[in-house]
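Asks: The structure that follows is given in the form of structure tokens.
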Amino acid sequence: MMTWLLIIGIGLLTYGLRLSFILGLGRVEMPALALRTLRFVPIAVLTAIIVPQLLLPSGAVDLSLHNPRWLAGLLAALIAWRTRNVFLTIVIGMLALWGLQALFS
Numbered sequence: 400m401m402t403w404l405l406i407i408g409i410g411l412l413t414y415g416l417r418l419s420f421i422l423g424l425g426r427v428e429m430p431a432l433a434l435r436t437l438r439f440v441p442i443a444v445l446t447a448i449i450v451p452q453l454l455l456p457s458g459a460v461d462l463s464l465h466n467p468r469w470l471a472g473l474l475a476a477l478i479a480w481r482t483r484n485v486f487l488t489i490v491i492g493m494l495a496l497w498g499l500q501a502l503f504s
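Numbers in my numbering are just positions in the sequence shown, counted from 1, shifted up by 399.
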């Protein structure tokens, strides 16, 4: 019972925090510089999550041809750059990763 109360309490707290920003900043016009800067937040966050997974598969930097994550990531980056199609990038990147992992194992 205590666990459920804790989960509900944390959920309400999270909802309240998000609602406060929506209500508080919803009527305020943000400066153009802040809006331009915020456009790069998703890219920076995804980069911070993905790059260590590609380059540090075993805890040390591995840029060799024996790192399937690195190779699949390079292919996915090339597909993203050439097509600008997120779905195609994900599909080809995952297929390449699975294929390379099967090849190297």
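We treat Cβ as the ideally placed atom computed from N, Cα and C, and that holds for glycine. Since we're looking at a predicted model, the values are computed, not measured.
1) Nearest to residue 449 by alpha carbon, out of 499, 403, 489, 503?
2) Please confirm if the region 451-464 is in contact with the region 482-497, defined as three or more CB-CB distances below 8 angstroms between the two stretches.
3) If we call anything under 8 angstroms between Cβ atoms a contact, is residue 468 one with residue 456?
4) Who are the near neighbours of residue 503 in its chain, counting only those whose CB is closer than 8 angstroms to its CB and skipping five residues on each side?
5) Using DSSP with H/G/I as helix, E/B as strand and the rest coil, what is residue 472?
6) When DSSP labels each residue in this structure, what does residue 493 get in the three-state scheme?
7) Where residue 472 and residue 404 are concerned, what is the direct C-alpha to C-alpha distance, given to the nearest angstrom?
8) Can you check which of these residues, 493, 425, 459, is closest to residue 474 by C-alpha distance?
9) Under the three-state reduction of DSSP, which class applies to residue 464: helix, strand or coil?
Replies: The structure says:
1) 489
2) no
3) yes
4) 465, 467
5) helix
6) helix
7) 42 angstroms
8) 493
9) coil
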